[in-house]
Amino acid sequence: MGHIGLALHFQNQTLPTAEGLTAARFTRNVTRYGVTSKNTAAAFLNEMTKYGIISRQPHAGDKRMLVLTPAPATFEAIEAWLALHLKTIDALDHGSRVAWFMSSRPSPLAILQPDIADGLLHDDTIRKPHHDFAHFMWMNSGFLVTERLIASLEGDLKTADRVPTSLASAAELTAGFNLSRSHSARKINEAEELGILGWSGTKGRSSMWVSRNFVASFLDTQAAKLAIIARVVAAHTATATARQFDRV
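All residue numbers for the sequence shown refer to my numbering, where the first residue is 435 and numbers rise by one.
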């Protein structure tokens with residue numbers, strides 16, 4: 435939902451005729467792509483407004499209309515997110531994308547992000563991940579829980595069906611995420627029943643492990659995301675280079 439909202443905002447900057455980010459347009463897009471329901475979309479916008487991530491401002495061309503404007507911290511966060519992913523891709527092929535992105539003026543963020551969002555919305559690996567990976571996505575801070583599991587891995591990812599982690603308890607897994615204890619416990623118990631995670635010995639007192647399928651599906655999703663970002667950046671830089679030759 436965040437990527438959809440940012441794309442609508444940035445499109446208004448690059449296409450003067452675009453309506454921009456409004457509550458109605460945001461809701462139309464998230465429901466059209468099957469991301470969530472109208473009620474959840476409205477609740478999401480209310481939460482973003484409550485915490486100052488977006489604010490409601492009069493439309494530049496029609497004062498009767500309100501547009502939703504991301505806060506400066508929101509732009510900083512998405513810029514850091516994109517820079518981190520570009521740095522990761524550069525590490526794989528010794529590229530210089532992140533240096534190009536951080537040094538370009540004006541920033542290409544407004545052009546890149548809508549195309550990245552479109553790629554994410556149309557990629558089945560991301561939209562329909564393996565059920566092991568998707569299990570925690572249906573809870574608040576679910577992706578943070580998943581990332582903590584991945585960051586805690588200590589075993590061989592290629593051969594072990596059960597990969598040990600440095601965690602020992604559910605409390606360690608969810609610490610600092612402000613989650614309901616009963617809800618997080620239920621999701622972890624369900625994950626244990628599904629074979630997504632478990633303990634090498636006594637539950638809560640021994641090393642927690644995660645399944646190789648869980649790790650593989652996480653890596654597949656990350657690889658798909660990086661591939662989308664790499665394609666978008668390559669297409670943009672190729673277009674920019676072609677325009678420079680045309681001017682010459």
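Glycine residues also receive a C-beta, built at the ideal position from the N, C-alpha and C atoms.
In this structure L442 is in contact with N463, their Cβ atoms being roughly 7 Å apart against a cut-off of 8 Å. Here DSSP, grouped into helix, strand and coil, assigns T470 to coil. Distance check between D552 and each of D654, V666 and A604 places V666 closest, using alpha-carbon atoms only. Under the Cβ criterion (8 Å, minimum of three pairs), the region 468 to 486 does not count as touching the region 565 to 582. By the neighbour-count definition (other C-beta atoms within 10 Å, threshold 16), R531 is a buried residue.
It is roughly 26 Å from the alpha-carbon of H565 to the alpha-carbon of S640. When the five nearest sequence neighbours on each side are left out, the beta carbons in the same chain lying within less than 8 Å of the beta carbon of Q547 are those of H437, L440, A441, F444, I512 and L516, in order along the chain.
A658 is positioned such that its CB atom lies closer than 8 Å to that of T559. In this structure, DSSP gives L502 an extended state, which the three-state scheme calls strand. In terms of CA proximity to R459, V501 leads the group V501, G589 and Q447. H519 counts as buried, since at least 16 other C-beta atoms from the protein chains shown sit within 10 angstroms of its C-beta. DSSP links T599 through a beta bridge to L587. Linking T508 to L543 through their CA atoms gives a straight-line distance of about 12 Å.
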